[in-house]
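Novice: The listed protein sequences derive, respectively, from chains Z and W.
Just so you know, we're using my numbering here: the first sequence kicks off at 111 and counts up by one.
Just so you know, we're using my numbering here: the second sequence kicks off at 403 and counts up by one.
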Amino acid sequence: MRIAFFGGIYNNYLALEAAIADAHSRGAQKLYCLGDLGAFGPHPDRVFPLLYQHEIETVQGNYDNSIGNNLQDCQCGYTDPHDNHFAQISYDYTYANTSPANRDWMRSLSSEIRFEIDGLRFLLCHGSPRQTNEFLWESATSTAFLERLANDQQADVILGTHTGIHWQRELSGGRRFINVGVLGRPENDGMTNVWYTIVDVGRQDAASGQPTPQLSVEFVPLRYDHERLAAEMRYEGLPDEFVETVLTGWWTTCLEVLPGKERRSGRF
Amino acid sequence: MSASLEAAATGDAQAASPSKSCPSVPLRSLDELWFQVAGTRCNLECIHCFISCSPHNDKFGFLSLDDVRRRLEESVAFGVREYYFTGGEPFLNPDMVPILELALTYGPATVLTNATVLKSDWIARLRAAEDESLYCLEFRVSIDGPTPELNDPIRGERSFERSMRGVELLVEHGFLPIITMTRVWDEADDQRVLGQFRETLRKHGCTRPRLKILPRLQIGAEAQRTEGYGRFDRITPEMMSDFDDRQLICTHSRVITDRGIAVCPILLDEPAALLGDALAESARDFPLAFGACFTCYQYGAICTNPTSKSVE
Chain Z
111 MRIAFFGGIY NNYLALEAAI ADAHSRGAQK LYCLGDLGAF GPHPDRVFPL
161 LYQHEIETVQ GNYDNSIGNN LQDCQCGYTD PHDNHFAQIS YDYTYANTSP
211 ANRDWMRSLS SEIRFEIDGL RFLLCHGSPR QTNEFLWESA TSTAFLERLA
261 NDQQADVILG THTGIHWQRE LSGGRRFINV GVLGRPENDG MTNVWYTIVD
311 VGRQDAASGQ PTPQLSVEFV PLRYDHERLA AEMRYEGLPD EFVETVLTGW
361 WTTCLEVLPG KERRSGRF
Chain W
403 MSASLEAAAT GDAQAASPSK SCPSVPLRSL DELWFQVAGT RCNLECIHCF
453 ISCSPHNDKF GFLSLDDVRR RLEESVAFGV REYYFTGGEP FLNPDMVPIL
503 ELALTYGPAT VLTNATVLKS DWIARLRAAE DESLYCLEFR VSIDGPTPEL
553 NDPIRGERSF ERSMRGVELL VEHGFLPIIT MTRVWDEADD QRVLGQFRET
603 LRKHGCTRPR LKILPRLQIG AEAQRTEGYG RFDRITPEMM SDFDDRQLIC
653 THSRVITDRG IAVCPILLDE PAALLGDALA ESARDFPLAF GACFTCYQYG
703 AICTNPTSKS VE
């Protein structure tokens, strides 16, 4: 079975539209979204019809929890005043432009989705299975910690997003942690594409005669009309710093939470 | 709180909780393991140091490479997410470079240093170790003001100049040090001080400054410099209702010292803070009986990096 996983959308309905088409063209039978529908980009309400129409099951991210529950901020937990300044602009815009019906829908979302395929127990979350807004960066997360999460949660495949950069780690017993990346903005690597993830699950006959579950993961770079997104962001009066990220692929804000290794690979 | 811990907690000479009742918190999950790798030995003698580190303070000793190896191995079963190395000045420990190289094979590592004794070949080795590792090596450099005039009266003569040379060395090797400063100014001046610091760091080649302000901890040398905690500077049971106790480092950390395992890096001088020799033994509730607990309550997760701060 082939499944596509989309990370934070951040109002980027153009990338979501492109990702849905791309995933279908690659034969994905099921689509999931791991939350954070709003933030950063323009026209929040354009994301929801796509999710509804394509029956994309969605995990509640911290942003969705905030908007859905009429909170004052996004609960990203930034520690730097400069980062919080931009986060608040983004939040206030998104909140003001999200319909009450869509807010209600976000409030109704669950913080995790579980299912089992061919004996593999999948757990979909936003940040980490234990805390929606926990950042699990590749360079700041030990394998021992991920093993503990998999044990505690009784899961074989844990999928999350939240940090904005895709990565994966193989764990003992064929288990896996996968950060699926985000559709909302590029990955701070100087490229304008965004990323989503395709997972293939199947069974393979083993020497013992017992079929064993097989998992393969593909991170998919996705091009979309980023220039149109940038134009719409400008028209909506969103900060030039956000537009710059869309057009250059470099993050300009909310940098203080990055570990040194991830920060070093960016420009700012 | 157990009777023995309560008895030990009364060793806090700066007045126990007036109500005699204080809340306790469990170790919810061992996310960060600290190593008091240089004990209380430091080449500086900062007048605000909460554990009074100095060239002469041998209360806690160095950890050897073998000590650290044994503890890293012990920590795996607990699913520790990241490791911190502190002192005193960690780079006084002759094993410090191999210790960090070893730690990076287990998980992310952060070392808290004053950067005054760093050597170029050490930093080159550590950069190579980080490049080979899945994990990040963070340097947290303690400097208490953007000028020698602000910093040196606290940290010692020429310490600003020496620390900035260390920062330059780190930047030359591609590290992005996190500058941590204890707030020895009025809190209202934070943004002005941070702005000055960014400017100073840019002049020293640090074009992407990462800054962290720490609150003063009114214990150790700082209690002598200014004042200790008052008798009402304590966490009450009422204060814990609707409070997310993950903000307290003792719910997700422990510290390896040469005298056993301590509850947090701040309370080392308190006998009650030592919780035994094995990590499993240290995983018990801790009474929030101290003035420093009150500061941790007010500011939250003050010891961890911004990347791992628990947020809600």
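Even for Gly, the Cβ is constructed at its ideal location relative to N, Cα and C.
Keep in mind the model is a prediction, meaning the values are calculated, not measured.
Helix, strand or coil: which one does DSSP assign to E691 of chain W?
Specialist: Along the second sequence, one-based indexing puts residue 691 of chain W at 289. At residue 691 of chain W the sequence reads Ala, which differs from the Glu that was named. Coil, per DSSP.
Novice: Could you compute how far the alpha carbon of S691 of chain W sits from the alpha carbon of C666 of chain W?
Specialist: On the second sequence, residue 691 of chain W is found 289 positions in, with the first residue counted as 1. On the second sequence, residue 666 of chain W is found 264 positions in, with the first residue counted as 1. The residue you asked about is not Ser; residue 691 of chain W is Ala in the sequence shown. Going from the Cα of A691 of chain W to the Cα of C666 of chain W covers about 13 Å.
Novice: If you follow the beta strand (DSSP E) that S544 of chain W is part of, which residue opens it and which one closes it?
Specialist: Sequence index remark: in the second sequence, residue 544 of chain W carries index 142 (1-based). Start and end: L539 to S544.
Novice: Could you check whether the Cβ of Q598 of chain W sits closer than 9 Å to any Cβ belonging to chain Z?
Specialist: As a first step, residue 598 of chain W is located in the second sequence; it is residue number 196 there, counting from the start. With 9 Å as the cut-off, Q598 of chain W does not count as an interface residue toward chain Z.
Novice: Could you work out which residues of chain Z lie near V478 of chain W, taking near to mean beta carbons separated by less than 7 Å?
Specialist: Here residue 478 of chain W refers to the residue found at position 76 when the second sequence is read from its first residue. Neighbours of V478 of chain W on chain Z, chain order: A254.
Novice: Which of helix, strand or coil does DSSP assign to R313 of chain Z?
Specialist: In the first sequence, counting from the first residue as 1, residue 313 of chain Z sits at position 203. Three-state DSSP puts R313 of chain Z in a strand.
Novice: If you draw a straight line from the alpha carbon of E731 of chain W to that of G489 of chain W, how long is it in whole angstroms?
Specialist: As displayed, chain W neither begins before 403 nor continues past 714, which places residue 731 of chain W out of reach and without an answer.
Novice: To the nearest angstrom, how far is the alpha carbon of V513 of chain W from that of G481 of chain W?
Specialist: Translated into the one-based positions of the second sequence, residue 513 of chain W becomes position 111. Translated into the one-based positions of the second sequence, residue 481 of chain W becomes position 79. Between V513 of chain W and G481 of chain W, the C-alpha separation is close to 20 Å.
Novice: Would you kindly work out how many angstroms separate the C-alpha atoms of L124 of chain Z and Y334 of chain Z, rounded to a whole number?
Specialist: Taking the first residue of the first sequence as position 1, residue 124 of chain Z is located at position 14. Taking the first residue of the first sequence as position 1, residue 334 of chain Z is located at position 224. Looking at the two C-alpha atoms, the distance is approximately 7 Å.
Novice: May I ask you to report which of helix, strand or coil DSSP gives Y203 of chain Z?
Specialist: Here residue 203 of chain Z corresponds to residue number 93 of the first sequence, with the count starting at 1. Y203 of chain Z falls in the helix class under three-state DSSP.
Novice: Can you tell me where the beta strand (DSSP E) with L181 of chain Z in it begins and where it stops?
Specialist: Taking the first sequence and counting its residues from 1, the one referred to as residue 181 of chain Z is at position 71. First-last for L181 of chain Z: undefined, no H or E at that position.
Novice: Just the C-alpha distance for F487 of chain W and E475 of chain W, rounded to the nearest angstrom, thanks.
Specialist: On the second sequence, position 85 is the one that residue 487 of chain W refers to. On the second sequence, position 73 is the one that residue 475 of chain W refers to. Spanning the two alpha carbons is a distance of roughly 16 Å.
Novice: Are the beta-carbon atoms of G237 of chain Z and H272 of chain Z separated by less than 9 Å?
Specialist: Walking along the first sequence from the start, residue 237 of chain Z turns up at place 127. Walking along the first sequence from the start, residue 272 of chain Z turns up at place 162. Against a cut-off of 9 Å, the Cβ pair of H272 of chain Z and G237 of chain Z comes out as a contact.
Novice: Give me the Cα-Cα distance between D671 of chain W and I621 of chain W, rounded to the nearest whole angstrom.
Specialist: Along the second sequence, read from residue 1 onward, the residue named residue 671 of chain W stands at position 269. Along the second sequence, read from residue 1 onward, the residue named residue 621 of chain W stands at position 219. Answer to the nearest angstrom: the Cα atoms are 9 Å apart.
Novice: Do three or more CB pairs link the region 653-661 of chain W to the region 629-640 of chain W at distances below 8 Å?
Specialist: Touching, no, given that fewer than three Cβ pairs across the two stretches are closer than 8 Å.
Novice: Just checking my contact of L161 of chain Z with C184 of chain Z at CB under 8 Å: how many whole Å lie between their CB atoms?
Specialist: Reading the first sequence from its first residue, position 51 is the one you call residue 161 of chain Z. Reading the first sequence from its first residue, position 74 is the one you call residue 184 of chain Z. Not a contact, Cβ separation roughly 19 Å.
Novice: Among Z:I223, Z:E244 and Z:A206, which residue has its Cα nearest to the Cα of L234 of chain Z?
Specialist: The count along the first sequence starts at 1 and reaches residue 234 of chain Z at position 124. Per the Cα distances, Z:I223.
Novice: Does the distance from the C-beta atom of G117 of chain Z to that of H336 of chain Z stay below 9 Å?
Specialist: To locate residue 117 of chain Z, count along the first sequence from 1; it is residue 7. To locate residue 336 of chain Z, count along the first sequence from 1; it is residue 226. The answer is no: Cβ separation not under 9 Å.
Novice: Using DSSP bridges, identify the partner residues of S238 of chain Z.
Specialist: To locate residue 238 of chain Z, count along the first sequence from 1; it is residue 128. For S238 of chain Z, which the question treats as bridged, DSSP gives the partners Z:Q241.
Novice: Closest Cβ-Cβ distance between I501 of chain W and chain Z: below 9 Å?
Specialist: Within the second sequence, the letter at position 99 stands for residue 501 of chain W. No, because no Cβ of chain Z sits closer than 9 Å to the Cβ of I501 of chain W.
Novice: Looking only at its own chain, which residues have a Cβ that is under 7 Å from the Cβ of Q598 of chain W, when we skip the five neighbours before and after it?
Specialist: Sequence index remark: in the second sequence, residue 598 of chain W carries index 196 (1-based). Cβ within range, chain order: P548.
Novice: Using the beta-carbon of each residue, which ones in chain W are nearer than 7 Å to R374 of chain Z?
Specialist: To locate residue 374 of chain Z, count along the first sequence from 1; it is residue 264. Within 7 Å Cβ-Cβ: G576 and L578.
Novice: Pairing CB atoms from the region 301-310 of chain Z with CB atoms from the region 146-163 of chain Z, are three or more of them under 8 Å?
Specialist: Counting Cβ pairs under 8 Å, fewer than three are found: no touch.
Novice: Is the number of C-beta pairs between the region 490-497 of chain W and the region 445-462 of chain W that are closer than 8 Å three or more?
Specialist: At 8 Å Cβ cutoff, the stretches touch.
Novice: Residue ranges of each alpha helix (DSSP H) run of no fewer than 4 residues wholly in the region 659-692 of chain W, ordered along the chain?
Specialist: Here the runs fully enclosed are 681-684.
Novice: Looking at chain Z, is there any beta carbon in it that lies within less than 9 Å of the beta carbon of C448 of chain W?
Specialist: The sequence position of residue 448 of chain W within the second sequence is 46, counting from 1. No, its Cβ sits nowhere closer than 9 Å to a Cβ of chain Z.
Novice: Look up F645 of chain W in the DSSP assignment and give the residues it is bridged to.
Specialist: Mapped onto the second sequence, residue 645 of chain W falls at position 243. Note: F645 of chain W sits in no beta bridge, so no partner.
Novice: What are the start and end residues of the beta strand (DSSP E) that includes Y142 of chain Z?
Specialist: Start at 1 with the first residue of the first sequence, and residue 142 of chain Z comes out as number 32. Start and end: K140 to C143.
Novice: Bridge partners for R286 of chain Z per DSSP, in chain order?
Specialist: In the first sequence, counting from the first residue as 1, residue 286 of chain Z sits at position 176. Z:V267 and Z:E280.
Novice: Which residues does DSSP pair with P323 of chain Z in a beta bridge?
Specialist: For the purposes of this step, residue 323 of chain Z is taken as the residue at position 213 of the first sequence. According to DSSP, which records beta bridges pairwise, P323 of chain Z is partnered with Z:R313.
Novice: Is there at least one Cβ from chain Z nearer than 9 Å to P555 of chain W's Cβ?
Specialist: On the second sequence, position 153 is the one that residue 555 of chain W refers to. Not closer than 9 Å to any Cβ of chain Z, the Cβ of P555 of chain W fails to qualify, so no.
Novice: Whole angstroms are fine: how far does the CA of I268 of chain Z sit from the CA of I199 of chain Z?
Specialist: Translated into positions along the first sequence, residue 199 of chain Z becomes position 89. Translated into positions along the first sequence, residue 268 of chain Z becomes position 158. Rounded to whole angstroms, I199 of chain Z to I268 of chain Z spans 32 Å at the Cα level.
Novice: Taking the DSSP output, what are the residues bridged to E434 of chain W?
Specialist: Here residue 434 of chain W refers to the residue found at position 32 of the second sequence. In DSSP, E434 of chain W forms a bridge with W:E484 and W:S655.
Novice: I'd like to know whether the C-beta of D433 of chain W is nearer than 9 Å to at least one C-beta of chain Z.
Specialist: Counting from 1 along the second sequence, the entry for residue 433 of chain W is found at position 31. Output row for D433 of chain W: interface = yes.
Novice: For a contact defined as C-beta to C-beta under 8 Å, what are the partners of Q118 of chain Z on chain W?
Specialist: One-based indexing of the first sequence puts residue 118 of chain Z at position 8. The residue you asked about is not Gln; residue 118 of chain Z is Gly in the sequence shown. Within chain W, no residue comes near G118 of chain Z; the closest Cβ sits about 16 Å away, beyond 8 Å.
Novice: How is E248 of chain Z classed by DSSP in three states: helix, strand or coil?
Specialist: Position 138 of the first sequence, counting from 1, holds the residue named residue 248 of chain Z. Note: E248 of chain Z maps to helix in three-state DSSP.
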